[in-house]
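*Asks:* In this note's numbering, the protein residues as written are -7 to 332. Dumping the structure here so I can ask a few things about it.
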Amino acid sequence: MAAPMKHATPVGKIVFEKSNFNDKKSRHLQHITDHYFNYSVETMLPGCGILPLDIQMPLTEVEAFVSYMVPLAQIIRPDFLEGFVRRGKLHILSHGTQIDTQDCAALLPTGMLILNLTKDSYEQLGIEGKVANFGDRKTCKYVIEINVKDPTFVPGKKLYERIKRCLTEHLNLKFDFLLTWGPEDEKVSSASVQYYFQCNGFVCNRLPIRRKQREYVDLAVPVISSDNPTGEAECCCDSMEFYEWLGACATDVDLSATSLDSYTSSYTCPSPREQKDRCVTWVCRGMLTCDSIIDVLTKLRYGVVHKGHLQIIQQKKHFLSAFVNMWLTLPPPTGTDISI
């Protein structure tokens, strides 16, 4: 009898939704904007040999930074709140911390400061929170949420002074922070946040954006249809089969016909499928913002389609694009179906 695994795989589920880009109730933008921190975006274009530069630019131009050993009290200073939190979209995430065993912190663009603390840190800090809903019941973590955009969260007010006292006198938490800032004023540089930390004596470096492009020749691509996402008809694959195929492509699984004889994997493209003489996959990794991902999606839908950069648009009914943890089916300009 096999012994139980010490670290079991987290329980989760996959939900597939069918919607329309022009539907007011469509949640495709909400799915992206609710996912505040993104590490990797992958775009796959069967039938295309190169990814147009105008699609790559929104992600490659993201300015992200890493600042070291910053006290948590620093990001609630009045000048920081007024200059960055309230005048743009600021993303901050603690770096190098393990959420199951260590203290973690994040600041969302909504202004919500979230602290995920161990029991000792939580009791020492003295700010009211709640028990974290974590997978391992033996792990005792606590979550504290503070709305730093609240009109009452200003110096002199009771709430602000109490939080400041707890962060400076009770427990002086320090983190290495990953951060991006999108200013409301287009004339202001997003690198201003880097300059702020450097002027206050902290090391703050530019975080690189890593890019990787893979090209395939004679690749089998599953046939999908937004009209039949469950794959009940034999003319197309179901959503789960397509999702698995995307995962295989993302992890560089050999999907050639000879992979049946492979020692490491016998996985092949599900049927029905069609052969593409060429295919390009472009991966971008870094601290990527929601706005940059939405910009890429917009360029795929409108700019690329109407400019005719992708020949597959003129030949077939769809091309495939994988974004973080979602997949999209983009039809020709005459249609607007989307599957997520």
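Glycine residues also receive a C-beta, built at the ideal position from the N, C-alpha and C atoms.
1. Using a 10 Å radius around the Cβ and a threshold of 16 neighbouring Cβ atoms, would you call T102 buried or exposed?
2. Would you give the residue range spanned by the beta strand (DSSP E) that G174 belongs to?
3. If you count every other CB in all the chains shown that lies within 10 Å of the CB of T243, and 16 or more means buried, which is it?
4. Within the same chain, show all residues whose beta-carbon is closer than 6 angstroms to that of P50, passing over the 5 residues directly before and after it, in chain order.
5. Would you please verify whether the beta carbon of E53 is less than 7 angstroms from any beta carbon of chain C?
6. According to the neighbour-count rule (16 or more other Cβ atoms, all chains shown, within 10 Å of its Cβ), is V195 buried or exposed?
7. What's the C-alpha gap between D112 and N164?
8. For L109 and I136, which I take to be in contact (beta-carbon distance under 8 angstroms), what is that distance rounded to the nearest angstrom?
9. Expressed to the nearest angstrom, what Euclidean distance is found between the alpha-carbon atoms of D15 and K291?
10. Taking the straight line between their C-alpha atoms, what separation do you get for F189 and V272?
11. Can you tell me whether C132 is buried or exposed? The criterion is at least 16 other CB atoms within 10 Å of its CB, across all chains shown.
12. At what residues does the alpha helix (DSSP H) containing T25 begin and finish?
13. So, do the segment 17 to 33 and the segment 258 to 269 have three or more beta carbon pairs nearer to each other than 8 angstroms?
14. Counting C-beta neighbours from all protein chains within 10 Å, is the total for A183 16 or more, i.e. buried, or is it exposed?
15. Please say whether I216 and C227 have beta carbons closer to each other than 7 angstroms?
16. Taking only three categories from DSSP, how would you classify C196?
17. Using CA coordinates, which residue listed in T89, E120, R202, P175 is at the minimum distance from L82?
18. Helix, strand or coil: which one does DSSP assign to A212?
19. If we ignore side chains and look at the alpha-carbon of each, how far apart do T93 and R202 end up?
20. Name the DSSP bridge partner or partners of Q205?
21. What distance in whole Å lies between the Cβ atoms of L43 and L37, which are believed to be in contact at a cut-off of 8 angstroms?
22. Pull up the distance between the alpha-carbon of I155 and that of A97, whole angstroms please.
23. Quick one: what does DSSP say Y60 is sitting in, helix, strand or coil?
24. For Q267, which residues does DSSP report across the bridge?
25. With E74 as the anchor, note down where its beta strand (DSSP E) starts and where it stops.
26. Helix, strand or coil for Y134 per DSSP?
27. Using the beta-carbon count (16 or more within 10 Å), is Q186 buried or exposed?
28. Which class does T35 belong to by DSSP, given the choice of helix, strand or coil?
*Replies:* So, from the listed chains and residues:
1. Position 110 of the sequence shown, counted from the start, is the residue given in the question as residue 102. It counts as exposed.
2. Here the question's residue 174 lines up with position 182 in the sequence shown. Taken as a continuous stretch (DSSP letters only), the beta strand (DSSP E) holding G174 covers 166 to 175.
3. In the sequence shown, the residue the question calls residue 243 occupies position 251. T243 should be labelled exposed.
4. Taking the sequence shown and counting its residues from 1, one reaches residue 50 at position 58. Excluding residues within five positions, the ones whose Cβ falls inside 6 angstroms are S284, D287, V288.
5. Given the protein chain composition of this structure (a single chain), no chain C is represented.
6. Translated into positions along the sequence shown, residue 195 becomes position 203. With fewer than 16 other Cβ atoms within 10 Å, it is exposed.
7. Here residue 112 refers to the residue found at position 120 of the sequence shown. Here residue 164 refers to the residue found at position 172 of the sequence shown. Spanning the two alpha carbons is a distance of roughly 13 angstroms.
8. Taking the sequence shown and counting its residues from 1, one reaches residue 109 at position 117. Taking the sequence shown and counting its residues from 1, one reaches residue 136 at position 144. Right, the Cβ-Cβ distance comes to about 7 angstroms (below 8 angstroms), so this counts as a contact.
9. Stepping through the sequence shown from its first residue, residue 15 is reached at position 23. Stepping through the sequence shown from its first residue, residue 291 is reached at position 299. Near 19 angstroms, if we compare the C-alpha coordinates of K291 and D15.
10. Along the sequence shown, read from residue 1 onward, the residue named residue 189 stands at position 197. Along the sequence shown, read from residue 1 onward, the residue named residue 272 stands at position 280. Their Cα atoms are separated by approximately 39 angstroms.
11. Taking the sequence shown and counting its residues from 1, one reaches residue 132 at position 140. Exposed, because fewer than 16 other Cβ atoms sit within 10 Å of the Cβ of C132.
12. Within the sequence shown, residue 25 is the residue found at index 33, counting from 1. That run of the alpha helix (DSSP H) goes 20 to 25.
13. no
14. Start at 1 with the first residue of the sequence shown, and residue 183 comes out as number 191. Classification of A183: exposed, given that the 10 Å Cβ count is below 16.
15. The sequence position of residue 227 within the sequence shown is 235, counting from 1. The sequence position of residue 216 within the sequence shown is 224, counting from 1. No, Cβ-Cβ distance for C227 and I216 is not below 7 angstroms.
16. Translated into positions along the sequence shown, residue 196 becomes position 204. In the structure shown, C196 sits in a strand (DSSP, three-state: E or B).
17. Numbered from its first residue, the sequence shown carries residue 82 at position 90. The candidate whose alpha carbon is nearest that of L82 is P175.
18. Looking up residue 212 in the sequence shown gives position 220. A212 falls in the strand class under three-state DSSP.
19. Against the sequence shown, residue 93 aligns to sequence position 101. Against the sequence shown, residue 202 aligns to sequence position 210. Distance between the alpha carbons of T93 and R202: 29 angstroms.
20. As a first step, residue 205 is located in the sequence shown; it is residue number 213 there, counting from the start. Q205 pairs with W274.
21. One-based indexing of the sequence shown puts residue 37 at position 45. One-based indexing of the sequence shown puts residue 43 at position 51. About 6 angstroms; that satisfies the 8 angstroms criterion.
22. By 1-based counting over the sequence shown, the position of residue 155 is 163. By 1-based counting over the sequence shown, the position of residue 97 is 105. Cα to Cα, the separation comes out at about 15 angstroms.
23. Mapped onto the sequence shown, residue 60 falls at position 68. Three-state result, Y60: strand.
24. In the sequence shown, residue 267 corresponds to position 275, counting from 1. For Q267, which the question treats as bridged, DSSP gives the partners A212.
25. Here the question's residue 74 lines up with position 82 in the sequence shown. Where E74 is concerned, there is no enclosing beta strand (DSSP E), given that its DSSP letter is neither H nor E.
26. Your numbering for residue 134 matches position 142 in the sequence shown. Strand.
27. Looking up residue 186 in the sequence shown gives position 194. Buried, because 16 or more other Cβ atoms sit within 10 Å of the Cβ of Q186.
28. By 1-based counting over the sequence shown, the position of residue 35 is 43. Three-state result, T35: strand.
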